[in-house]
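A short worksheet on the structure shown next.
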Amino acid sequence: GPKVLQIPSHQIIDMGQMVTLNCDPVSNHLYFYWYKQILGQQMEFLVNFYNGKVMEKSKLFKDQFSVERPDGSYFTLKIQPTALEDSAVYFCASSLRGYYAEQFFGPGTRLTVL
Amino acid sequence: GDQVEQSPSALSLHEGTGSALRCNFTTTMRAVQWFRKNSRGSLINLFYLASGTKENGRLKSAFDSKERYSTLHIRDAQLEDSGTYFCAAEDTNAYKVIFGKGTHLHVLP
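Going line by line, the protein sequences match chains L and E.
The working numbering runs 7 ahead of the 1-based position in the first sequence.
The working numbering runs 99 ahead of the 1-based position in the second sequence.
Next up, the structure:
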């Protein structure tokens, strides 16, 4: 089936540094999402993105978070500065439409903030 | 409370037997997806339903928006079916899915 790639698979950084997580979505998809899963907890929605804009974000999407997809390249999640509580696995997903649309997930990036 | 309640949280099955996982929703959802997280942590799409039922091999899923639930039936369980299964419901008013807490399935020889 369609594949979403995420780079890197694991990132370790010091608290206060900036990190960018990269997602290569399914090629013809138009909607992009980030989800966060802290170890042992539920997967939670962070943000979705369409046509260059954030369509919706949750309370977990702090001011230190930003997303973009410049020129149809990677869909990125940037955290600046990072905090200890940002340690989690971040899953990227994409879908063809916003509604009635199956979302396809990447394998996740494990972020460890020290 | 949680909008998506998934049960059971853990399930052990012997090879060859079957069971059902269930997700109840506190509000009307537009659609539901079922995933299995494999040993590498990847979310594998199993089903996407806006209504009715779908079947794929030994798996069958149903979604009833009006009654606010979805089920995933596994029959003739195999060792490789072990993993964590999630339902995720598409919120009627939003462009997002809301995940259940998952069911840890352990298939025993």
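Backbone N, C-alpha and C define an ideal beta-carbon position, used for all residues, glycine too.
| Query | Result |
| --- | --- |
| Proximity to Ser4 of chain L [Cα-Cα], best of L:Lys85, L:Trp41 and L:Gly115 | Past the edges of chain L, shown from 8 to 121, lies residue 4 of chain L, and the structure says nothing about it. |
| 4 or more residues per run - each alpha helix (DSSP H) lying fully within the segment 120 to 168 of chain E | none |
| Endpoints, the beta strand (DSSP E) within which Tyr57 of chain L is located | Met50 to Tyr57 |
| Nearest-angstrom Cβ-Cβ length linking Ser57 of chain E and Val131 of chain E, presumed shorter than 8 angstroms | Since the first and last residues shown for chain E are 100 and 208, residue 57 of chain E lies out of range. |
| Reference Thr126 of chain E, options E:Arg157, E:Glu166, E:Gln177 and E:Thr183, closest by Cα | E:Glu166 |
| Gln18 of chain L versus Asp31 of chain L: straight-line alpha-carbon distance, rounded | 17 angstroms |
| CB contact below 8 angstroms: Tyr194 of chain E versus chain L | yes |
| Cβ-based contacts, 8 angstroms cut-off: residues of the segment 130 to 146 of chain E near chain L | Ala130, Gln132, Phe134, Arg139, Gly140, Ser141, Leu142 and Asn144 |
| Chain E contact residues for Glu109 of chain L, given Cβ-Cβ distances below 8 angstroms | Gln132, Asn144 and Tyr147 |
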